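Everything below concerns the one structure shown next.
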Ligand SMILES: Nc1ncnc2c1ncn2[C@@H]1O[C@H](COP(=O)(O)OP(=O)(O)OP(=O)(O)O)[C@@H](O)[C@H]1O
Ligand SMILES: [Mg+2]
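Chains as they are written, first to last, in this note's numbering: chain X, 1 to 423; chain S, 424 to 733.
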């Protein structure tokens, strides 16, 4: 097996034109698309812009007042009371939330509209907003009690997320989580400053949120097209390896291989491994140079790359079975039209559906659906989720699609590939 | 040690090979002769387990190899008619790969590569890309690749097609050595009579998918022992004269070529006198007359009425 794919890789590397197609082309396209379309993604963040409804049931002023009254009854020294009161006014969670949502870096991303409960529900149903954030009654009071005095059960923000714009609403969810985190952190500091001891290692969950920090930055065009082109050109690897197999058959080297008494599946498997390996290498090279030259990604961010490589790896395996599938058809019908059609048309269609050229967000829903089921589209989604630092569990959906496609292609190739080597 | 029984192959309704029975004894050198499309390569593919016969059987040491090709593949080296090599790789890399897939590695692999390269006389240029080789060099590597696993039987399918005389005589000499000094069993396919005459002990002649004659060279030629070939060299073609010769009953076969006329006659027939009389009548300029002992080429002509190479 090792001998087979070592040879394949050697042959591939001797073939300059193939290398140019597989490595230089995507890189050039990244450069062109990245520069030309840099406004599309980072400038006005169309992809991720969203509207959310805020339902305000809390009365902040009254909450602070009630907290002041509670504080008065606590029997703390007057000095301390004044300090806490000042901190409470400063860090009133409700104001902080408003501040975050109207922050400049987010304003291009999130437009918050205050509504009453019924109007918000209606807006969500009409898909005018992607989420409803409800700030419940007594939120300010309960939160301050917990934050400043460590009393009571705290309070929770309620977030109702629509399911028609999963990515956006997830982003919003993350923004809130970040808020929750900073709130927890600040309250811990506040209490520490208050003489309640050292900063606890893990801040008490105050609002019932998960403590994850996320920097929701809009994706840069270079990031987008690095991924877009990488997943698209990964498909070409499948076609290239399949074309190589056809040449082996045409030039009768395949006969030599059969004569060495290897099961044809060994040959097929080695080809799949070669395709997977080349795809993975291709990803690494594109990522590396795109980061180096266009600054697409931070090469030094060690927590970032494992996820990227994992997704790249999944797609690489998928391309392996794609190659096997194409080879199986080619060998079965002794005709490489299928590979030519795949490389000459199917890849482009897939790339378009999967969002390699332009994000699919603006396209009709069925196109998005379809695109999500192409191996490149699914892994593009996975990459986007990872890069935007969204909830890791969201990766499962696109990745499971990639796995499913891999599995199906593999089964099909085993069924189609002529087991005796000769059709 | 190797035999086939009534091999038959039908491709989509077209019979390529029919009733091919042949055998190879250990250490023998056997030729398979036939014109283009005779079914030589198809027969070889079936023997070497690459092609499943429509009917018939291939046996190695008495055991059928159709269901169980492993043993055959182990002892067999096949030199395909086409250059079955990776053009992008060097000769060395090609041999390394083909050695590896036969399970060779490390020192044994390296030894096998050098042994095979030496055999075909390509030691010096082994690190060059095969694509850049001459036709003859490619043919030699093609043979070397089949020798990597030290086969006991080697089947060569027209290993000298389209190459320079030097490479050709090198290859012929090499095959002779392998057969006579190393004791390899050889099945040599060609449509060059003189190659087969030089290399092989026994010959099968194929035409239109069937084996039309077989035997030692002498046996085959004795088919013609009752006949003789007369070769009349002329200064130019004389169609009228040729026509008249064709009408002579005693003349078994008359063939017209650019330089003259070839006649196959029963031995001792006194027909030549009549031929000369006719030549005078047609004012034919005879340059030379030659009575030949038969060659395999003549045998082929006799059997099929056609020349081996058109
Ligand atoms: N895979 C195939 N499908 C259909 N017909 C085939 C196939 N292989 C060979 N044939 C036919 O079978 C006949 C015998 O072909 P084969 O290649 O065995 O001849 P050959 O004696 O090797 O000729 P050559 O000297 O040209 O190599 C030919 O008529 C050829 O067209
Ligand atoms: Mg042939």
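Yeah, the Cβ is synthetic: ideal placement off N, Cα and C, and Gly gets one too. Computed from a predicted model, the values in this text were never measured in an experiment.
Going by beta carbon distance, what residues of the same chain come within less than 8 Å of residue i, once the five residues before and after it are set aside?
i	result
residue 429 of chain S	442, 443, 444, 478, 479 and 480
residue 336 of chain X	242, 243, 246 and 330
residue 668 of chain S	674, 677, 684, 686, 698 and 701
residue 290 of chain X	27, 30, 222, 226, 296 and 297
residue 315 of chain X	231, 234, 279, 283, 375, 376, 379 and 402
residue 409 of chain X	318, 321, 322, 324 and 325
residue 489 of chain S	472, 475, 476, 480 and 481
residue 433 of chain S	439 and 477
residue 567 of chain S	514, 518, 539, 540, 542, 543 and 545
By Cβ distance, which residues of its chain are closer than 6 Å to residue i, with the 5 residues on each side in sequence left out?
i	result
residue 673 of chain S	692 and 694
residue 607 of chain S	577 and 601
residue 228 of chain X	356
residue 51 of chain X	111 and 129
residue 19 of chain X	none
residue 385 of chain X	394 and 395
residue 381 of chain X	398
residue 148 of chain X	84 and 88
Is the separation between the beta-carbon of residue i and that of residue j shorter than 7 Å?
i	j	result
residue 252 of chain X	residue 505 of chain S	yes
residue 375 of chain X	residue 411 of chain X	no
residue 270 of chain X	residue 4 of chain X	yes
residue 580 of chain S	residue 559 of chain S	no
residue 276 of chain X	residue 317 of chain X	yes
residue 611 of chain S	residue 622 of chain S	yes
residue 53 of chain X	residue 115 of chain X	yes
residue 328 of chain X	residue 273 of chain X	no
residue 619 of chain S	residue 609 of chain S	no
residue 628 of chain S	residue 635 of chain S	yes
residue 664 of chain S	residue 705 of chain S	yes
residue 425 of chain S	residue 508 of chain S	no
residue 661 of chain S	residue 712 of chain S	no
residue 643 of chain S	residue 722 of chain S	yes
residue 502 of chain S	residue 565 of chain S	yes
residue 369 of chain X	residue 360 of chain X	no
residue 652 of chain S	residue 715 of chain S	yes
residue 682 of chain S	residue 720 of chain S	no
residue 463 of chain S	residue 457 of chain S	yes
Ligand 1 and residue i: does any heavy atom of the ligand fall closer than 6 Å to the residue's C-beta?
i	result
residue 463 of chain S	yes
residue 459 of chain S	yes
residue 439 of chain S	yes
residue 233 of chain X	no
residue 254 of chain X	no
residue 764 of chain S	The structure shown does not extend to residue 764 of chain S, since chain S is modelled only from 424 to 733, so the question has no answer here.
Near residue i, which residues of its chain fall below 7 Å by C-beta distance, leaving aside the five closest residues on each side in sequence?
i	result
residue 140 of chain X	58, 60, 63, 64, 92, 93 and 94
residue 236 of chain X	21, 22, 343 and 347
residue 599 of chain S	622
residue 365 of chain S	Here chain S covers residues 424 to 733 and nothing more, so residue 365 of chain S does not appear.
residue 513 of chain S	549, 550, 551, 552 and 553
residue 449 of chain S	424 and 608
residue 597 of chain S	542 and 543
residue 312 of chain X	280 and 283
Taking 6 Å as the cut-off, does the CB of residue i come closer than this to any heavy atom belonging to ligand 2?
i	result
residue 504 of chain S	yes
- request: Please determine if the stretch 394-403 of chain X and the stretch 239-250 of chain X are in contact, where contact requires at least 3 C-beta pairs separated by less than 8 Å.
  value: The answer is no - the stretch 239-250 of chain X does not touch the stretch 394-403 of chain X, with fewer than three Cβ pairs under 8 Å.
query: How do the stretch 488-505 of chain S and the stretch 256-263 of chain X stand: do at least 3 beta-carbon pairs fall below 8 Å, yes or no?
result: Contact between the stretch 488-505 of chain S and the stretch 256-263 of chain X is present, because at least three Cβ pairs lie under 8 Å.
field: Within the stretch 383-411 of chain X, ranges of the alpha helix (DSSP H) (whole runs, at least 4 residues)
entry: Listed in chain order, the alpha helix (DSSP H) runs fully inside the stretch 383-411 of chain X amount to none, counting runs of at least 4 residues.
task: Counting only runs of 4+ residues fully inside the stretch 432-519 of chain S, write out the alpha helix (DSSP H) ranges in chain order.
output: List check, alpha helix (DSSP H) in window: 463-470 and 493-498.
- request: Pick out the complete beta strand (DSSP E) segments inside the stretch 549-592 of chain S, 3 residues or longer, and give them in chain order.
  value: List check, beta strand (DSSP E) in window: 576-580.
- prompt: Which parts of the stretch 250-331 of chain X are runs of the alpha helix (DSSP H), unbroken and 4 residues or longer, counting only runs that do not cross its ends?
  reply: Here the runs fully enclosed are 253-259 and 264-294.
field: Unbroken stretches of the alpha helix (DSSP H), 4 residues or longer, contained in the stretch 602-689 of chain S
entry: Every unbroken stretch of the alpha helix (DSSP H) spanning 4 or more residues and falling wholly within the stretch 602-689 of chain S is given here in chain order: 616-622, 640-645 and 662-670.
message: Check whether the stretch 116-126 of chain X and the stretch 71-86 of chain X touch, using three or more Cβ-Cβ pairs below 8 Å as the test.
response: Output reads no: the stretch 71-86 of chain X does not touch the stretch 116-126 of chain X.
message: With three or more beta-carbon pairs closer than 8 Å as the criterion, would you say the stretch 299-315 of chain X touches the stretch 356-370 of chain X?
response: No, the stretch 299-315 of chain X is not in contact with the stretch 356-370 of chain X.
- prompt: For the stretch 329-355 of chain X, which segments carrying the beta strand (DSSP E) assignment without a break, of at least 3 residues, lie completely within its bounds, in sequence order?
  reply: Here no run is fully enclosed.
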